[in-house]
Each structure stands twice: as structure tokens, then as C-alpha cells.
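Presented below is the structure to which this report refers.
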Amino acid sequence: MERLVIQGGHRLEGTVQICGAKNAALPQLAATLLSDEPLTLTNVPDLADIRSMLTLMEHYGVVVKGPAHATVTLDAAGARNLEAPYDVVRRMRATVLVLGPLLARFGSARVSQPGGCAIGARPVDLHVKALQALGATVSLDGGTIDARAPEGGLVGGRIVFPTPSVGATETAMMAAVLARGETEILNAARDPEVCDLGACLAAMGAQIEGAGTHRVLVRGVERLRRARHEIIPDRIEAGTYAVAAAITGGHLELTGARLEHLSAVGAALEAAGVQIWPTDRGLMVSRTGRLKGIDITTEPYPGFPTDLQAQFMALMSIADGASMIRETVFENRFMHVPELARLGANVTLQGTTAVVRGVERLKAAPVMATDLRASVSLVLAGLVAEGETVVNRVYHLDRGYEALDRKLVRCGARIRREDA
Ligand code: UD1
Numbered sequence: 001m002e003r004l005v006i007q008g009g010h011r012l013e014g015t016v017q018i019c020g021a022k023n024a025a026l027p028q029l030a031a032t033l034l035s036d037e038p039l040t041l042t043n044v045p046d047l048a049d050i051r052s053m054l055t056l057m058e059h060y061g062v063v064v065k066g067p068a069h070a071t072v073t074l075d076a077a078g079a080r081n082l083e084a085p086y087d088v089v090r091r092m093r094a095t096v097l098v099l100g101p102l103l104a105r106f107g108s109a110r111v112s113q114p115g116g117c118a119i120g121a122r123p124v125d126l127h128v129k130a131l132q133a134l135g136a137t138v139s140l141d142g143g144t145i146d147a148r149a150p151e152g153g154l155v156g157g158r159i160v161f162p163t164p165s166v167g168a169t170e171t172a173m174m175a176a177v178l179a180r181g182e183t184e185i186l187n188a189a190r191d192p193e194v195c196d197l198g199a200c201l202a203a204m205g206a207q208i209e210g211a212g213t214h215r216v217l218v219r220g221v222e223r224l225r226r227a228r229h230e231i232i233p234d235r236i237e238a239g240t241y242a243v244a245a246a247i248t249g250g251h252l253e254l255t256g257a258r259l260e261h262l263s264a265v266g267a268a269l270e271a272a273g274v275q276i277w278p279t280d281r282g283l284m285v286s287r288t289g290r291l292k293g294i295d296i297t298t299e300p301y302p303g304f305p306t307d308l309q310a311q312f313m314a315l316m317s318i319a320d321g322a323s324m325i326r327e328t329v330f331e332n333r334f335m336h337v338p339e340l341a342r343l344g345a346n347v348t349l350q351g352t353t354a355v356v357r358g359v360e361r362l363k364a365a366p367v368m369a370t371d372l373r374a375s376v377s378l379v380l381a382g383l384v385a386e387g388e389t390v391v392n393r394v395y396h397l398d399r400g401y402e403a404l405d406r407k408l409v410r411c412g413a414r415i416r417r418e419d420a
């Protein structure tokens, strides 16, 4: 197992190239299963989660070419409908995204209940509800989701989500594109990754309107065709490097990043005393003055993203004054709190709210990475902690950040990776 050793106290300056979005790429890889013609995706990030999804696609008989230079072509002409293997599924929750495409194309699907980051119960009931609204019969059979379409295939329907779910909206869209008739998805998740899935499916010949809004309309088509689609940049990766610039009092240009996907994050950074502005190539983040404590509430997009909550907690831990961070999306997403406390952060937890009282400085310590975003918050804290911070169990980081240590080192951070 590898660990990162970080020498704190070095200001970051330079340019970071932002990769394609992991959470946009994952559903689009699964969408390959919908078609018997190839799909080429460009700007695909090189990440452990992406490799897991590609392995899963190969398990289904999809022929995968690449990834080479961030481009991958998947041909599902000879795909077979099998049960998703538990050893891949347990690694990553996003494997549940194969349910919709398999059911739409083959009329049935069996997938183990997914694993992934341990950030709360993370049920799949909304995915199941969406499929049922299209006529499927779904049962849970010893930890396996078993879904069957009616005779003649899925039929269009009306899906009303009680709360916007990114994954369930994507399941609904992918199941509906080959269903007979029209599907209306209400209270859909509006995230840019959902919008990008809509654009990819449209390139494949699907008839979709409103992806990225509350109401998505899908008119089922007979079959999909060959397509090529470029994945949007990763707003969470961009937000993470924005925090890296801010926490070190540095100056970073994030090439490829889009400010319009980060409006709540940009507003939070500005309120905290950080400058952020668009450039020709992406955006610039800079801090010269003191950091100010601010209050944040995580919410479905376009609200402040839960995937940047841990990183902002690291930032607030050295701000002037107190900050309140409320987590409303996942109930158990404060695993980084005891680890940040080991570095000297002063955080009090009250249910779903964390109160962070800014301290003068953090001090290095060995810490343990627990989930993807929690891990990166420890790296960010390590960038400013006095002394040598050791972040253990970095495999979580490699699930979601391409070359994190190399990108930071290029901008002046002192980090080495070693075998634990
Ligand atoms: C996606 C992202 C993840 C991000 C999350 C919220 C991917 C691969 N992952 O996860 O990084 O943190 O959005 O922005 O895109 N829920 C249910 N029943 C369900 C599904 C979800 O109750 O069937 C609940 C969840 O427990 C959570 C909320 O809905 O409280 C939002 O979750 P959801 O948007 O579905 O997250 P994911 O798609 O799993």
C-alpha cells in the first residue's frame, strides 16, 4: 500500500491541467451497453474508477480500445447479458449504472448491491423506482438487484423523484432512451455530468430534451448509432486545486476548468477572501490576504457540492474566525474530521453540522485516508501543516485524482510517494 509524505509550507504557483470528469465518464462508459455500434469518448481521465468500469465493460463482452491519450472506443456489438461480478461492484458504487442500459437492451439485468466510498447508507431505491415506472419488475435477491422488463421491452412513463439523485436520474435516462414512447423525469438532478450524459446519448441518436434541468423528456428510439463525445472537465478536481491555491496563499491557473460549473464554489471562495476569475484557458485562483471563515451548506447542484465539503473544511481550518459547514446530501460524510483534528484543526461536530474554529497553523502528523474526498482534504491540509504529514492508504486518491502528487509537485509542493 502506498502513502504520501508531504512537507508543508510551500506556496503553490503555476498551471494545472484539469482532466475530464470522472462522474461524467462513468455513466457514459455504461451507456455503451445500449448500442451495438461503437462509442468513442475523448478527455477520459486515467483513474482507478475508470479502469474498474472498463473491466466491467469487458466482462460484458464489450471490446475496449484504449484508453490512449485520454481516448477510448467501446464496441458493445457482441455484448452479453451476465451478472455483474461482486469483486468489481464492491469497489465502486457507480457500477449500479449498468442496470438501466442492460435492462433497456436485453430486457433483464442482475447487479450486486454496490460498494464504493463509505459515506452513509447510499440506497438504490430511487434507481429501482425509476425502472419500475418504465414497467420493470425489480426484486432484491440475496444482495443482488434483479430487474426484468415486461414482454416487448420497457415502456415510457412518468418518474417523479422525491429528491434529486444524480445516479438515479442517469439510470432513468439510459433506461428510457430505448423504451417505447415518451418518458418524463421530474425533479431530475441538474448536475453538469447529467447534462453531459444527455449530450452523449443525443450524439448516439437518442431523443432527449432538458438534461441538466428539473424536467427531462425522453422519446424512445429503436436503436442507437455510432458516436463520438468529449467528456466535460472535472469541476470537483478543479475545485480541489482551487482550494490548494487558496490554502497555500498561492496562485494557480486551472486550464480547462469552467467557472460556470463552479458558481457556488466560486462564491464561497470569494467570500473567504480568495480571488477567482475566468481566463482564456480556464480559470485563475489566487490568494494574497487573510482567509476568512464562512458558512457552507452542501446541496444538490447548483448548490455547493458535497464532493468539495471536506476540502473546504481543510481550508476553513486555518481561516480567521469560525465557519459552519452543514452536510445535507450524505448523512455520514465527516470521516475526515478526526483526521484533520490530528493535524491540529479545531472542529466540533453536531449531527450534520461541523463548526470549524480557525487556528493559526496546522502541525504535521500521520493520518489515514478514508474516502476519496476525505483523503484529498488531508493532502490539502498537509500542504500547509508544519513538518512532514504522512497520508496513508492513498488508493482512495487514485480512484478520483489523476496524478495528484505530480500535479502539485509541478507547482511547488514537496510531496513524495512511497511504499508503506
Ligand atoms: C453522485 C456522485 C458522487 C456525489 C453525489 C452527490 C457519481 C459517480 N457520483 O453519486 O460523487 O457525491 O452524486 O453529488 O456521479 N439516494 C437515495 N436513493 C437512491 C439514490 C440516492 O436515497 O436510490 C440519496 C443518497 O443517499 C443521497 C442523495 O440521494 O443522500 C444524493 O445521492 P446521488 O445524487 O444519487 O449520488 P450518487 O449518484 O450516488
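Under our numbering, the first residue of the sequence shown is numbered 1, with each subsequent residue one higher. We put the beta carbon where it would ideally sit given N, CA and C, even for glycine.
Subject >> Cβ-based neighbour list, Pro366, same chain, cut-off 7 Å, excluding 5 preceding and 5 following >> reply: Mapped onto the sequence shown, residue 366 falls at position 366. The answer, listed in chain order, is Val390, Asn392.
**OP:** State the start and end residues of the unbroken alpha helix (DSSP H) segment that holds Met313.
**Re:** In the sequence shown, the residue the question calls residue 313 occupies position 313. Start and end: 309 to 316.
Original post:
Are the C-beta atoms of Leu262 and some chain D residue less than 8 Å apart?
Top reply: Included in the structure is just one protein chain, with no chain D present.
Subject >> Simplified DSSP state of Gly344, which is helix, strand or coil >> reply: Indexing the sequence shown from 1 puts residue 344 at position 344. If DSSP states are grouped into helix, strand and coil, Gly344 belongs with coil.
**OP:** May I ask you to check if the CB of Leu26 is nearer than 7 Å to at least one heavy atom of ligand 1?
**Re:** Your numbering for residue 26 matches position 26 in the sequence shown. Because some heavy atom of ligand 1 lies under 7 Å away, the Cβ of Leu26 counts as near it: yes.
Original post:
Which one of Gly205, Arg3, Leu12, Glu2 has the shortest CA to CA distance from Lys407?
Top reply: As a working mapping, residue 407 is identified with position 407 in the sequence shown. Comparing Cα positions, the closest option is Leu12.
Subject >> Endpoints, beta strand (DSSP E) assigned at Ile415 >> reply: One-based indexing of the sequence shown puts residue 415 at position 415. Taken as a continuous stretch (DSSP letters only), the beta strand (DSSP E) holding Ile415 covers 414 to 419.
Subject >> Beta-carbon gap between Val128 and Val177 smaller than 8 Å >> reply: Position 128 of the sequence shown holds residue 128. Position 177 of the sequence shown holds residue 177. No, they are not a contact pair.
Subject >> Beta-carbon proximity check, Met316 vs Ile325, cutoff 8 Å >> reply: Numbered from its first residue, the sequence shown carries residue 316 at position 316. Numbered from its first residue, the sequence shown carries residue 325 at position 325. Yes. Within cutoff.
Original post:
Around the C-beta of Ala147, are 16 or more other C-beta atoms found within 10 angstroms, so that it is buried, or is it exposed?
Top reply: By one-based count along the sequence shown, residue 147 stands at place 147. It is buried - the Cβ of Ala147 has at least 16 other Cβ atoms within 10 Å.
Original post:
How would you call Glu237, buried or exposed, if buried means at least 16 neighbouring beta carbons within 10 angstroms?
Top reply: One-based indexing of the sequence shown puts residue 237 at position 237. Label assigned to Glu237: buried.
**OP:** Give the secondary structure of Gln113 by DSSP, where H, G and I count as helix, E and B as strand, and everything else as coil.
**Re:** Here residue 113 is taken as the residue at index 113 of the sequence shown, counted from 1. Correct three-state label for Gln113: coil.
**OP:** With a floor of 3 residues, list each beta strand (DSSP E) that falls wholly inside the region 256 to 307, ordered by position along the chain.
**Re:** 275 to 278, 282 to 286
**OP:** State the beta-bridge partners of Leu4 as determined by DSSP.
**Re:** For the purposes of this step, residue 4 is identified with residue 4 of the sequence shown, where counting begins at 1. Answer is Val391, Arg417.
Original post:
When the Cα of Leu99 is compared with those of Ala31, Val384, Leu343, which residue comes out closest?
Top reply: For this step, residue 99 is matched to residue 99 along the sequence shown. Here the closest residue by C-alpha is Ala31.
**OP:** Look at the Cβ atom of Thr163, then the Cβ atom of Val194, and state whether they are nearer than 8 Å.
**Re:** Taking the first residue of the sequence shown as position 1, residue 163 is located at position 163. Taking the first residue of the sequence shown as position 1, residue 194 is located at position 194. Not in contact: Thr163 and Val194 (Cβ atoms no closer than 8 Å).
**OP:** Would you check whether ligand 1 has a heavy atom nearer than 7 Å to the C-beta of Thr306?
**Re:** Position 306 of the sequence shown, counted from the first residue, corresponds to residue 306. For ligand 1, at least one heavy atom lies less than 7 Å from the Cβ of Thr306.
Subject >> Any non-hydrogen atom of ligand 1 within 7 Å of Val376 CB >> reply: Numbered from its first residue, the sequence shown carries residue 376 at position 376. No; taking the cut-off as 7 Å, the Cβ of Val376 has no heavy atom of ligand 1 nearer than that.
**OP:** Identify which residue in Gly153, Ile294, Leu380, Leu404 has its Cα closest to the Cα of Ala48.
**Re:** For the purposes of this step, residue 48 is taken as the residue at position 48 of the sequence shown. Ala48 has its Cα closest to that of Leu404, out of Gly153, Ile294, Leu380, Leu404.
Subject >> Span of the alpha helix (DSSP H), counted from its first residue to its last, around Met173 >> reply: Looking up residue 173 in the sequence shown gives position 173. Met173 -> alpha helix (DSSP H) spans 166 to 176.
Original post:
With a CB to CB cut of under 8 Å and the five nearest residues on each side skipped, what residues in its chain are close to Ala341?
Top reply: Along the sequence shown, one-based indexing puts residue 341 at 341. For Ala341, where only same-chain residues beyond five positions count, the Cβ hits under 8 Å are Val347.
Original post:
With respect to 7 Å, is the separation between the Cβ of Asn187 and the closest non-hydrogen atom of ligand 1 below this value?
Top reply: Here residue 187 is taken as the residue at index 187 of the sequence shown, counted from 1. Because no heavy atom of ligand 1 lies under 7 Å away, the Cβ of Asn187 does not count as near it: no.
**OP:** Return the chain-ordered list of same chain residues with a C-beta closer than 6 Å to the C-beta of Gly116, the five sequence neighbours on each side being excluded.
**Re:** Along the sequence shown, one-based indexing puts residue 116 at 116. Interpretation of Gly116 is limited by its pLDDT of 47, a score under 50 that renders its predicted location unreliable; the figure taken from the coordinates is listed afterwards. Taken in chain order, the residues that qualify are Met92, Arg93.
**OP:** Please find out if some non-hydrogen atom of ligand 3 comes closer than 7 Å to the beta-carbon of Asp419.
**Re:** Here the bound small molecules are ligand 1; ligand 3 is not part of this structure.
**OP:** Compare the Cα-Cα distances from Gly249 to each of Gln309, Lys292, Glu230 and report the closest residue.
**Re:** Taking the sequence shown and counting its residues from 1, one reaches residue 249 at position 249. Among Gln309, Lys292, Glu230, the Cα nearest to that of Gly249 belongs to Lys292.
Subject >> Boundaries of the alpha helix (DSSP H) in which Pro192 is found, first to last residue >> reply: Within the sequence shown, residue 192 is the residue found at index 192, counting from 1. Residues 192 to 203.
Original post:
Exposed or buried, what is Leu349 when buried is set at 16 or more other beta-carbons lying within 10 Å of its beta-carbon?
Top reply: Sequence index remark: in the sequence shown, residue 349 carries index 349 (1-based). Exposed, because fewer than 16 other Cβ atoms sit within 10 Å of the Cβ of Leu349.
Original post:
Can we say the region 252 to 260 touches the region 10 to 28, given the rule of at least three CB pairs closer than 8 Å?
Top reply: yes
Subject >> Test item: CB-CB of Ser375 and Leu343 under 8 Å >> reply: Taking the sequence shown and counting its residues from 1, one reaches residue 375 at position 375. Taking the sequence shown and counting its residues from 1, one reaches residue 343 at position 343. No, these two residues do not count as a Cβ contact at 8 Å.
**OP:** Excluding the 5 residues preceding and the 5 following Ala70 in the sequence, name in chain order all residues of the same chain whose CB lies nearer than 8 Å to its CB.
**Re:** On the sequence shown, residue 70 is found 70 positions in, with the first residue counted as 1. Around Ala70: Cys19, Gly20, Thr42, Asn43, Val44, Pro45, Asp46.
**OP:** Identify whether Ala118 lies in helix, strand or coil by the three-state DSSP scheme.
**Re:** Residue mapping note: residue 118 aligns to position 118 of the sequence shown, counting from 1. Annotation note: pLDDT 49 at Ala118 (below 50); position unreliable, no value reported.
**OP:** Could you tell me whether any non-hydrogen atom of ligand 1 is closer than 7 Å to the CB of Val124?
**Re:** Sequence index remark: in the sequence shown, residue 124 carries index 124 (1-based). Under cutoff, so the answer is yes.
Original post:
How many angstroms separate the CA atom of Asp36 from the CA atom of Ser286?
Top reply: Locating residue 36 in the sequence shown gives position 36, where the first residue counts as 1. Locating residue 286 in the sequence shown gives position 286, where the first residue counts as 1. One C-alpha to the other measures close to 48 Å.
Original post:
When every heavy atom of ligand 1 is checked, does at least one fall within less than 7 Å of the C-beta of Val329?
Top reply: Stepping through the sequence shown from its first residue, residue 329 is reached at position 329. Yes, since a heavy atom of ligand 1 falls inside the 7 Å radius drawn around the Cβ of Val329.
**OP:** Measure the alpha-carbon distance for Arg3 versus Glu418 and round it to whole angstroms.
**Re:** Along the sequence shown, one-based indexing puts residue 3 at 3. Along the sequence shown, one-based indexing puts residue 418 at 418. Those two C-alpha atoms are separated by around 6 Å.
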